[in-house]
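> In order, the protein sequence lines correspond to chains A and B. Counting along the first sequence from 1, when you hit position 157 you're at 158 in our numbering, and nothing is skipped either side. Counting along the second sequence from 1, when you hit position 289 you're at 303 in our numbering, and nothing is skipped either side. Glycine included, each C-beta is placed from N, C-alpha and C at the ideal position.
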Amino acid sequence: MTLYHSVTPHSTAAEPVIAVSDLTRRFGAREALSSVDLVIPRGGVYGLVGANGAGKTTLIRHILGLLRAEKGSVHVFGRDPVADPVGVLSRIGYLSEENDLPAWMRVDELMRYSRAFYPGWDDAYAGELRTMFALDHGAKIKTLSKGQKARAGLVIALAYRPELLVLDEPSSGLDPIVRRDILGAVLRTIADEGRTVLFSSHLLEEVEQVADHVTMIRQGKVVVSAPLKEVKDAHGGASLDEIFVERIGGG
Amino acid sequence: MRTPAAAIAWELRQRHRWGLIAVLATILILGAIKIAVLTTQAHPELNDTTFALLVPVPLAATFLYLLAVFTFGISGDLAARESMYPPRMLTLPVSAATLAGWPMLYGCGSMTLLWFAMRIACSFPPGFEVPKYWPALFASSLLAWTQALTWMPYPFRGMRIVVSIGLLLSIDIVVFTALESKARESTMLLLLAPFVPLAYVAAVSAVGRARRGDVPDWGAAQRFAPAFSRSAALRDFRSAARAQLWFEWRQFGRSLPLLVAIVLPVGLSLLFLFRETPVIVVEIVVTSLLVPPFMAIFVAATAGKSSSNASESYGITPFLATRPVEDHALVVAKWQAALLSTFAAWVIVIVAIPVALMWSDATEPILNIARNVDGVLGRPRAIILGLLILVALAGSTWKQLVQGLYIAMSGRDWAVKGIAFATLASVTIGFLALGWILDSRQRTAVALSAIPWLMAALVALKLLLAMRVMQRGAERGLFTRTQLIFGAIAWDVCVFAVYVVLTVILPPILFRRYLLLLVAILVVPFVRLAAAPLAVARNRHR
Chain A
2 MTLYHSVTPH STAAEPVIAV SDLTRRFGAR EALSSVDLVI PRGGVYGLVG
52 ANGAGKTTLI RHILGLLRAE KGSVHVFGRD PVADPVGVLS RIGYLSEEND
102 LPAWMRVDEL MRYSRAFYPG WDDAYAGELR TMFALDHGAK IKTLSKGQKA
152 RAGLVIALAY RPELLVLDEP SSGLDPIVRR DILGAVLRTI ADEGRTVLFS
202 SHLLEEVEQV ADHVTMIRQG KVVVSAPLKE VKDAHGGASL DEIFVERIGG
252 G
Chain B
15 MRTPAAAIAW ELRQRHRWGL IAVLATILIL GAIKIAVLTT QAHPELNDTT
65 FALLVPVPLA ATFLYLLAVF TFGISGDLAA RESMYPPRML TLPVSAATLA
115 GWPMLYGCGS MTLLWFAMRI ACSFPPGFEV PKYWPALFAS SLLAWTQALT
165 WMPYPFRGMR IVVSIGLLLS IDIVVFTALE SKARESTMLL LLAPFVPLAY
215 VAAVSAVGRA RRGDVPDWGA AQRFAPAFSR SAALRDFRSA ARAQLWFEWR
265 QFGRSLPLLV AIVLPVGLSL LFLFRETPVI VVEIVVTSLL VPPFMAIFVA
315 ATAGKSSSNA SESYGITPFL ATRPVEDHAL VVAKWQAALL STFAAWVIVI
365 VAIPVALMWS DATEPILNIA RNVDGVLGRP RAIILGLLIL VALAGSTWKQ
415 LVQGLYIAMS GRDWAVKGIA FATLASVTIG FLALGWILDS RQRTAVALSA
465 IPWLMAALVA LKLLLAMRVM QRGAERGLFT RTQLIFGAIA WDVCVFAVYV
515 VLTVILPPIL FRRYLLLLVA ILVVPFVRLA AAPLAVARNR HR
């Protein structure tokens, strides 16, 4: 089953999708991000891993423009996501860790509401995803299980074929079968078609399964950022779990 | 902290420590004023009557604050169907009686302490017999029932407000009727005694239902509302702006017309009882006209939220923050939804009042007033006056809904709470200043002559703030040059329209033209509206 059709990308292939430079963010006395540099070129699946509180969600929120860079800069598709939210967010699909879809909406209302914001919304594809995820179109969001809510969020994040898909802990609430089959297929397909996926996860097995590139964050600092194969080769073919414990496990 | 009671007390104290310190400070200040001003007679012109004007305001403010603290309702959505009891506490391994009982006990204890402290600290007019105990029980009864009603789940949105107003007013009526009959202290205590135990039973039941996730579903009311709005949702939206307007309408826009539709028939039904008493008929009609702006105050508390979840704070949700729209588009959608809401509420009022008057055969007192106004002002002016009153009331309704958005949409809970207390503080200071001025003819004369200068200063301040807000908005790319020019022209047109209407209505002998212009400039909102997109930008991109 083809999940994505080819579309003309808005930005040139040479331009990085995400360019984060010297990004520092403090919350009170705590430094959540410390001089983070990250460049994500077009195409591929980028796994962002780190312990709880390492700064993964803070980095993602900067990329989405939900946090303003106190020091350093963030550019997505060459634009500042805070200064140009429409230009950036219209090209990003985002699945929030918080799963904060409006509880009062029905699934069909959610899809029609979301459709209005994205000119590239594909009704047929949205319907296909909804059927694949077994979502009742008349069901209210608040009556859905956690897994179903994540699926509903995934439908509206994918249905307009975004150039960049940002998934913050996408596996939360999904059972292992759905996680393996759906997430793996979706991520791989997007990457195959020249789109980019950035996802944060603490399920390292999952990251190892789908990511081409891995970025490890520890206490707000990027400690590893390289293609997955290189990372594994550098550690004598160890699993990502073992590398994680070695590089980050110390806290 | 080894008991649930101690843990609940600690949380209440820790979370609201600054507010509780402020309450304590208020009482101490009132006590200090009483000692310094009244006992020493340092300022004899500040007599007891004037000072008594100050008592109800701080008393009401502290009472309302404690009400918000002990109901856990400070940042909740009063109109929501779901219980406002904090969900995290529902999972504690204690009974519903414990969860309901301890906050109620602490609340009632605080209300009792508040009354005795105020009784000592505040000064009352000479000859006024200050009651001893029953006001403490009265305040506790109101608190206990507010807690029960706040924690109760309801079949449809907005019902909590209606039920609370009805029930709390009933308690008030019982008390005031007894006072009118010169009831003794013991009678008052006896009369009030059942309220707290009954509220406790209701609160335990409410918390139990909240724990089970038991939200009643009244089929007919539920089915009608979604069917109406679903038909709109199932059509494709023509634009993102339309979709956002629908979102806001569904989120908070329906609350005001719904509340008005529930409250108005109750009030207007009194026309059947009092149709023979012209004064009461007029009072009922006037009160009915005030229902939308009054109800708008309650709805406004939820208008600035990005989630309808009762326990969510004012922060913008990631779902809404990641919609690909400009910051100001989120505000414009709220303004438009408020406009629709105002329109729907006033359609109900405009239809319901004449129908009720005719049905109850109580039209004569209102027609008499119309004839008198017609005779004094002439037909055109009378019609303009009538329309002006309607437009002013509708405008006030809309203004109530949107004027606080610049605070609520900033996402800062402390700002939302702080502005309420700042307003109460301003009212208190205003009362004090007014009493002080009216106590002396000389001061009154000086104040009257200073009014134009004061208004001019306020106009200058408003224009300066407007310029600053527009400048900041332009710097942050929130407003384009065209939007700024269009906004300024629209505001000028509104000011000019208000000015023209005022000059037509008000006689030039009594009111100078320049004063009317100053009034028009001050009345038409600008700064608070223009500041809302700035607040959203701060909240959305922290």
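Distance check for residue 30 (chain A) and residue 547 (chain B), CA to CA, integer angstroms please.
Taking the second sequence and counting its residues from 1, the one referred to as residue 547 (chain B) is at position 533. Taking the first sequence and counting its residues from 1, the one referred to as residue 30 (chain A) is at position 29. Answer to the nearest angstrom: the Cα atoms are 29 Å apart.
> Hey, residue 358 (chain B) and residue 292 (chain B): beta-carbon distance below 7 Å or not?
As a first step, residue 358 (chain B) is located in the second sequence; it is residue number 344 there, counting from the start. As a first step, residue 292 (chain B) is located in the second sequence; it is residue number 278 there, counting from the start. For residue 358 (chain B) and residue 292 (chain B), no; Cβs fall outside 7 Å.
> Quick one, are the C-beta atoms of residue 197 (chain A) and residue 49 (chain A) less than 7 Å apart?
Numbered from 1 along the first sequence, position 196 holds the residue referred to as residue 197 (chain A). Numbered from 1 along the first sequence, position 48 holds the residue referred to as residue 49 (chain A). Cβ distance not < 7 Å, so residue 197 (chain A) and residue 49 (chain A) don't count as in contact.
> Please state if the CB of residue 554 (chain B) and the CB of residue 330 (chain B) are separated by a distance shorter than 7 Å.
For the purposes of this step, residue 330 (chain B) is taken as residue 316 along the second sequence, with counting starting at 1. For the purposes of this step, residue 554 (chain B) is taken as residue 540 along the second sequence, with counting starting at 1. Closer than 7 Å, so yes.
> Should residue 471 (chain B) go down as buried or exposed, given a rule of 16 or more other Cβ atoms within 10 Å for buried?
Taking the second sequence and counting its residues from 1, one reaches residue 471 (chain B) at position 457. Exposed: under 16 other Cβ atoms inside 10 Å.
> Are the segment 300 to 316 of chain B and the segment 200 to 211 of chain B in contact at 8 Å, needing three or more beta carbon pairs?
Segments in contact, no.
> According to DSSP, simplified to helix, strand and coil, what is residue 113 (chain A)?
Position 112 of the first sequence, counted from the start, is the residue given in the question as residue 113 (chain A). It is helical.
> With DSSP as the reference, identify every bridge partner of residue 216 (chain A), one or two as the case may be.
To locate residue 216 (chain A), count along the first sequence from 1; it is residue 215. Partner(s): A:49 and A:226.
> For residue 7 (chain B) and residue 376 (chain B), which I take to be in contact (beta-carbon distance under 8 Å), what is that distance rounded to the nearest angstrom?
An answer regarding residue 7 (chain B) cannot be provided, because it is not within the stretch 15 to 556 covered by chain B.
> What does the Cβ neighbour count give for residue 386 (chain B), buried or exposed, with the cut at 16 atoms within 10 Å?
In the second sequence, counting from the first residue as 1, residue 386 (chain B) sits at position 372. Exposed is the call here.
> For residue 239 (chain A), which residues of its own chain have a beta-carbon under 7 Å away from its beta-carbon, when the five flanking residues on both sides are left out?
As a first step, residue 239 (chain A) is located in the first sequence; it is residue number 238 there, counting from the start. Correct list, in chain order: 233.
> Pick out whichever of A:124, A:39, A:51 and A:56 has its Cα sitting closest to the Cα of residue 27 (chain A).
In the first sequence, counting from the first residue as 1, residue 27 (chain A) sits at position 26. Among A:124, A:39, A:51 and A:56, the Cα nearest to that of residue 27 (chain A) is on A:56.
> If you measure from the beta carbon of residue 202 (chain A) to each beta carbon in chain B, is any gap under 7 Å?
By one-based count along the first sequence, residue 202 (chain A) stands at place 201. Answer no: the Cβ-Cβ gap between residue 202 (chain A) and chain B never drops below 7 Å.
> Looking at C-alpha atoms only, which residue of A:59, A:114 and A:81 is the closest neighbour of residue 254 (chain B)?
In the second sequence, residue 254 (chain B) corresponds to position 240, counting from 1. Of the candidates A:59, A:114 and A:81, the one whose C-alpha sits nearest the C-alpha of residue 254 (chain B) is A:114.
> Give a yes or no on whether the minimum CB-CB distance between residue 316 (chain B) and chain A is below 7 Å.
Position 302 of the second sequence, counting from 1, holds the residue named residue 316 (chain B). It does not: the Cβ of residue 316 (chain B) has no partner Cβ on chain A nearer than 7 Å.
> Can we say the segment 338 to 346 of chain B touches the segment 439 to 456 of chain B, given the rule of at least three CB pairs closer than 8 Å?
Not touching, per the Cβ criterion.
> What residues of chain A sit near residue 336 (chain B), judged by a beta carbon separation below 7 Å?
Working through the second sequence from its first residue, we reach residue 336 (chain B) at position 322. By Cβ distance, chain A contributes 65, 90 and 95.
> Considering only their Cβ atoms, is the gap separating residue 412 (chain B) from residue 496 (chain B) smaller than 7 Å?
In the second sequence, residue 496 (chain B) corresponds to position 482, counting from 1. In the second sequence, residue 412 (chain B) corresponds to position 398, counting from 1. No, Cβ-Cβ distance for residue 496 (chain B) and residue 412 (chain B) is not below 7 Å.
> Who does residue 95 (chain A) pair with in a DSSP beta bridge?
Your numbering for residue 95 (chain A) matches position 94 in the first sequence. Per DSSP, A:167.
> Rounding to the nearest angstrom, what Cα-Cα distance links residue 529 (chain B) and residue 500 (chain B) in this structure?
Reading the second sequence from its first residue, position 515 is the one you call residue 529 (chain B). Reading the second sequence from its first residue, position 486 is the one you call residue 500 (chain B). So the two alpha carbons sit approximately 26 Å from each other.
> Residues bridged to residue 40 (chain A) by DSSP?
Numbered from its first residue, the first sequence carries residue 40 (chain A) at position 39. According to DSSP, residue 40 (chain A) bridges with A:20.
> In this structure, does DSSP put residue 138 (chain A) in helix, strand or coil?
Walking along the first sequence from the start, residue 138 (chain A) turns up at place 137. Three-state result, residue 138 (chain A): coil.
> Using a Cβ-Cβ distance cut-off of 7 Å, determine whether residue 331 (chain B) contacts chain A.
Numbered from 1 along the second sequence, position 317 holds the residue referred to as residue 331 (chain B). Chain A, which has a Cβ nearer than 7 Å to the Cβ of residue 331 (chain B), makes this yes.
> Would you mind stating whether residue 550 (chain B) and residue 512 (chain B) have Cβ atoms separated by less than 7 Å?
Along the second sequence, one-based indexing puts residue 550 (chain B) at 536. Along the second sequence, one-based indexing puts residue 512 (chain B) at 498. No; because the gap between Cβ atoms is not below 7 Å, this pair is not in contact.
> Let me check understanding here. Comparing Cα to Cα, which of B:152, B:144, B:257 and B:104 lies closest to residue 116 (chain A)?
Numbered from 1 along the first sequence, position 115 holds the residue referred to as residue 116 (chain A). Nearest option by C-alpha distance: B:257.
> Between the segment 108 to 133 of chain A and chain B, which residues of the former have a C-beta closer than 9 Å to a C-beta of the latter?
Per Cβ criterion, the list reads 109, 110, 113, 114, 115, 116, 117, 118 and 119.
> Between residue 99 (chain A) and chain B, is there a C-beta pair that is closer than 7 Å?
Along the first sequence, one-based indexing puts residue 99 (chain A) at 98. Judged by the 7 Å Cβ criterion, residue 99 (chain A) is in contact with chain B.
> For residue 133 (chain A), which residues in the same chain have their Cβ closer than 7 Å to its Cβ, ignoring the five residues on either side in sequence?
Here residue 133 (chain A) refers to the residue found at position 132 of the first sequence. There are no such residues.
> Going by beta carbon distance, what residues of the same chain come within less than 6 Å of residue 252 (chain A), once the five residues before and after it are set aside?
Here residue 252 (chain A) refers to the residue found at position 251 of the first sequence. Only weak support exists for where residue 252 (chain A) lies, its pLDDT of 45 falling under 50; the coordinates are left without a value.
> Using three-state DSSP, classify residue 242 (chain B) as helix, strand or coil.
Position 228 of the second sequence holds residue 242 (chain B). Low local confidence applies: a pLDDT of 48 at residue 242 (chain B) is under 50, so the model's placement there is unreliable, and no value is given.
> Got a sec: is the Cβ-Cβ distance from residue 69 (chain A) to anything in chain B below 7 Å?
One-based indexing of the first sequence puts residue 69 (chain A) at position 68. Closer than 7 Å to some Cβ of chain B, the Cβ of residue 69 (chain A) qualifies, so yes.
> Determine the chain B residues that contact residue 83 (chain A) at a beta-carbon separation under 7 Å, and present them in chain order.
As a first step, residue 83 (chain A) must be located in the first sequence, where it is residue number 82. Ordered by position in chain B, the residues that pass the 7 Å Cβ test against residue 83 (chain A) are 555.
> What in chain A is Cβ-close to residue 340 (chain B), meaning under 8 Å?
Within the second sequence, the letter at position 326 stands for residue 340 (chain B). Under the 8 Å cutoff, chain A gives 86 and 87.
> With respect to the alpha helix (DSSP H) encompassing residue 76 (chain A), which residues constitute its N-terminal and C-terminal limits?
Translated into positions along the first sequence, residue 76 (chain A) becomes position 75. Careful: residue 76 (chain A) lies outside any alpha helix (DSSP H), inside the beta strand (DSSP E) at 72 to 77.
> With a CB to CB cut of under 8 Å and the five nearest residues on each side skipped, what residues in its chain are close to residue 515 (chain B)?
Within the second sequence, residue 515 (chain B) is the residue found at index 501, counting from 1. Result list for residue 515 (chain B): 398 and 402, in chain order.
> Cβ of residue 24 (chain A) less than 7 Å from any chain B Cβ?
As a working note, residue 24 (chain A) is residue 23 in the first sequence. Taking Cβ atoms only, chain B never reaches closer than 7 Å to residue 24 (chain A), which makes this a no.
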